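Enquirer: What follows is a single structure, and I will ask about it in a moment.
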Amino acid sequence: MARKALFIDRDGTINRDCPYCHDLKDLYVYDDAVQIMKEYEEKGYLIIIITNQSGINRGYFTENEFHLFQNELLKRLKDKGVNVDKTYYCPHRPEENCNCRKPNIGMIQKAMEDFDIDIKNSVIMGDRDDMEGEMGRKLRIEYIILKR
Ligand SMILES: [Mg+2]
Ligand SMILES: [Zn+2]
Numbered sequence: 800m801a802r803k804a805l806f807i808d809r810d811g812t813i814n815r816d817c818p819y820c821h822d823l824k825d826l827y828v829y830d831d832a833v834q835i836m837k838e839y840e841e842k843g844y845l846i847i848i849i850t851n852q853s854g855i856n857r858g859y860f861t862e863n864e865f866h867l868f869q870n871e872l873l874k875r876l877k878d879k880g881v882n883v884d885k886t887y888y889c890p891h892r893p894e895e896n897c898n899c900r901k902p903n904i905g906m907i908q909k910a911m912e913d914f915d916i917d918i919k920n921s922v923i924m925g926d927r928d929d930m931e932g933e934m935g936r937k938l939r940i941e942y943i944i945l946k947r
């Protein structure tokens, strides 16, 4: 049976934002984000991170550094009782005009290929109306913008 999903932004939503976050010393996880993800997980939602990471193709950090940071974040979330089902990331610069860079919806389309998702009843959460809010409006699904 199709499952609802919580599509959640990473930088500025789960962890404190920093310019092109990739250094573990900058990794600070917000308690309220943990609490929100836990609540959705308990309600049966898939927990899916969708994150723009143009710092990769801008050459600010490597794909490997991205994974080190991401794996540490996932580990800290797991320690707090949150299991993330999948992370999608866009490594492209805006000029590459890809379909996955938010507010485009490519990462969510990919998630819908990988999982059986009840998209109508899914939720997008983030810290930017021009990103996650815009995606919610394109998909005509609920979105929640956290004020940081
Ligand atoms: Mg953000
Ligand atoms: Zn992309």
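Be aware that the sequence shown starts at 800, since it is given in my numbering, and climbs by one per residue. Quick reminder that beta carbons are idealized off the backbone N, C-alpha and C, glycines included. These numbers were taken from a predicted model, which means no experiment stands behind them.
(1) Within 8 Å, do at least three Cβ pairs link the segment 901-912 to the segment 925-936?
(2) Please confirm whether ILE949 and VAL922 have their CB atoms less than 8 Å apart.
(3) Should HIS866 be labelled buried (16 or more other beta-carbon atoms within 10 Å of its own) or exposed?
(4) Confirm the yes/no value for this check: CB of ARG927, any heavy atom of ligand 1, distance under 7 Å.
(5) Leaving out the 5 sequence neighbours to the left and right, which residues in its chain are closer than 8 Å to LEU844 when beta-carbon positions are compared?
(6) Take the Cβ of MET836 as the centre, count every other Cβ of all protein chains shown within 10 Å, and call the residue buried at 16 or more, exposed below.
(7) Please classify ARG809 as buried or exposed, where buried requires at least 16 other C-beta atoms within 10 Å of its C-beta.
(8) Counting only runs of 3+ residues fully inside the segment 880-940, write out the beta strand (DSSP E) ranges in chain order.
(9) Tell whether a beta-carbon distance below 8 Å holds between ILE849 and TYR887.
(10) How big is the Cα-Cα spacing for LYS879 and LYS919?
(11) Whole angstroms are fine: how far does the CA of ILE813 sit from the CA of GLU847?
Expert: Let me lay it out:
(1) Yes, the segment 925-936 touches the segment 901-912.
(2) Lying before the first or after the last residue shown, residue 949 is absent from the chain, which here runs from 800 to 947.
(3) Within 10 angstroms of the beta-carbon of HIS866 lie fewer than 16 other beta-carbons, which makes it exposed.
(4) In terms of side-chain proximity, the C-beta atom of ARG927 is found nearer than 7 Å to a non-hydrogen atom of ligand 1.
(5) Before going further, note that residue 844 is Tyr rather than Leu in the sequence given. Counting only Cβ-Cβ distances below 8 Å, and skipping sequence neighbours, we find ARG802, LYS803, ALA804, LEU805, SER921, VAL922.
(6) Burial is judged here by how many other beta carbons sit within 10 angstroms of a residue's own beta carbon; MET836 has at least 16 and is buried.
(7) ARG809 is buried by the Cβ-count criterion.
(8) The segment 880-940 contains these whole beta strand (DSSP E) runs: 885-889, 922-925.
(9) Contact flag set, yes.
(10) Taking the straight line joining both Cα atoms gives about 29 Å.
(11) Here residue 847 is Ile; the residue named in the question, Glu, does not match the sequence. Rounded to whole angstroms, ILE847 to ILE813 spans 12 Å at the Cα level.
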